[in-house]
Amino acid sequence: MEIARGDVVLMVVPSDLGRPRPGIVVQGDNFTAGLSTVFVCPVSSDLQDRLPLRPVIEFAPENGLRLRSQIMTDKLVALRRDRIRRVIGRIDAETSEQLDRALLLVLGLAR
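For the sequence shown, the tail end lands on 113 under our numbering, and the numbers increase by one without skipping.
Rendered as structure tokens:
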């Protein structure tokens, strides 16, 4: 299965008791083909107002989400490729920019 940065995927994180959940692929496209793992930020519909590092993503047919959600940049995971079930959509440019800014803060790369 081909995946790209910005894809919304259904994934199974081992700590989630095998329940599939959405996530956003954040790994650069130059690194997705040759590696056995992929960096993904989980998505949650349980919105947390106190966490500014979680960009809000509105549900839309293009991204495949059914509820208004947040991208959990503070819970970035490296998943084995076989844990990604399928691509359900793609985030838009505005959400991608918000995600990039949040990741810079979470990773301590913002100046």
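Backbone N, C-alpha and C define an ideal beta-carbon position, used for all residues, glycine too.
This structure is a prediction, so every number in the text was calculated from the model and none was measured.
Contact between Asp76 and Val108 holds, since their C-beta atoms are separated by about 6 Å, short of 8 Å.
For Ser71, the three-state secondary structure derived from DSSP is strand. By alpha-carbon distance to Ile73, the top candidate from Ile59, Arg82, Ala80, Pro63 is Ile59.
Beta-bridge partners assigned by DSSP to Asp9: Arg92. With 16 or more other CB atoms across the displayed protein chains lying within 10 angstroms of its CB, Asp9 is buried. In the displayed model, Val108 falls within a helix according to three-state DSSP. Take Ala112, set aside five residues on each side of it, and the residues of its chain with a beta-carbon closer than 8 Å to its own are Arg103, Leu106, in chain order. With contacts defined as CB atoms closer than 8 Å, Gln29 and Arg7 qualify as a contacting pair. When the Cα atoms are used, Arg88 and Arg52 turn out to be separated by approximately 31 Å.
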